[in-house]
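Take a look at the structure below.
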Amino acid sequence: MENYCFVESDGSVKRFHEMKTEWGFDQLLSLETFNDASKGYPVKDCCVFGAEIFVIKPTRKWELHSMIKDFSKLDKSSYLSKAFTAGRRSWRIKVYPKGNAEAKGDSLSVFLELVDGDKLPPKKTVWAEYKLRVLDQRHDKHVEETIHATGRSP
Numbered sequence: 001m002e003n004y005c006f007v008e009s010d011g012s013v014k015r016f017h018e019m020k021t022e023w024g025f026d027q028l029l030s031l032e033t034f035n036d037a038s039k040g041y042p043v044k045d046c047c048v049f050g051a052e053i054f055v056i057k058p059t060r061k062w063e064l065h066s067m068i069k070d071f072s073k074l075d076k077s078s079y080l081s082k083a084f085t086a087g088r089r090s091w092r093i094k095v096y097p098k099g100n101a102e103a104k105g106d107s108l109s110v111f112l113e114l115v116d117g118d119k120l121p122p123k124k125t126v127w128a129e130y131k132l133r134v135l136d137q138r139h140d141k142h143v144e145e146t147i148h149a150t151g152r153s154p
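Read in order, the letters of the sequence shown are residues 1 to 154 in full-length UniProt numbering.
Spelled out as structure tokens, the structure:
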């Protein structure tokens, strides 16, 4: 099984592979804060999510913003952005509007998902850093979490 190992800034190890294709934050932002109109996250019933991925070798930065309209009317447990390419890999942002796992009903959950994990080349090492972000559309006080990652497939 091919996989990439990712080490977060707190030292914990995460792996993208064919059986685990997404990593993110169950408690990126409390629903109370997120739904507070004065904070500027949903504006006119529209919310903007982002993922920023840094890959070392080649040195390059990719950024994607995915907008979800009519956010208050969402009825599914999760939503996926369109796939985008960064570092020769295909990725998506996955949003759980009402939280995921232990954060369900309490926090907004946002994950970065590796779409083509089953196509990773063998014995390849990749260094990356990515940020998952919710944009404050009024005050530019965005909420983001950063993961520093390194990975090697078997």
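Glycine included, C-beta positions come from ideal geometry on N, C-alpha and C.
First through last residue of the beta strand (DSSP E) which encompasses residue i
{"i": "F111", "result": "107–114"}
{"i": "E22", "result": "22–30"}
Spatial neighbours of residue i in its chain, beta-carbon cut-off 6 angstroms, leaving aside the 5 residues before and after
{"i": "P42", "result": "F71"}
{"i": "P97", "result": "L74"}
Closest Cα partner of residue i within the set the options
{"i": "V115", "options": "R92, N35, K104, S78", "result": "R92"}
{"i": "S90", "options": "Y79, K98, F49, K119", "result": "K119"}
{"i": "H139", "options": "G40, S30, E32, G24", "result": "G40"}
{"i": "M67", "options": "A101, C47, D75, L31", "result": "C47"}
{"i": "A86", "options": "E113, G105, F34", "result": "E113"}
Beta-ladder partner(s) of residue i, from DSSP
{"i": "T85", "result": "S90"}
Cβ shell of residue i (< 7 angstroms), same chain only, five flanking positions each side left out
{"i": "L28", "result": "S107, L108, S109, V110, L132, V134, V143, E145"}
Cβ separation of residue i and residue j, assumed to be a contact under 8 angstroms, to the nearest whole Å
{"i": "Y130", "j": "E52", "result": "6 angstroms"}
{"i": "R80", "j": "K69", "result": "Note that residue 80 is Leu in the sequence shown, not Arg. That pair is no contact at about 15 angstroms."}
{"i": "N100", "j": "D26", "result": "5 angstroms"}
Contacting residues, own chain, Cβ-Cβ under 8 angstroms from residue i (five flanking each side not counted)
{"i": "T59", "result": "With a pLDDT of only 46 at T59, under 50, the local geometry of the prediction cannot be trusted, and the value read off the model is given with reservation. The answer is none, since no qualifying residue turns up."}
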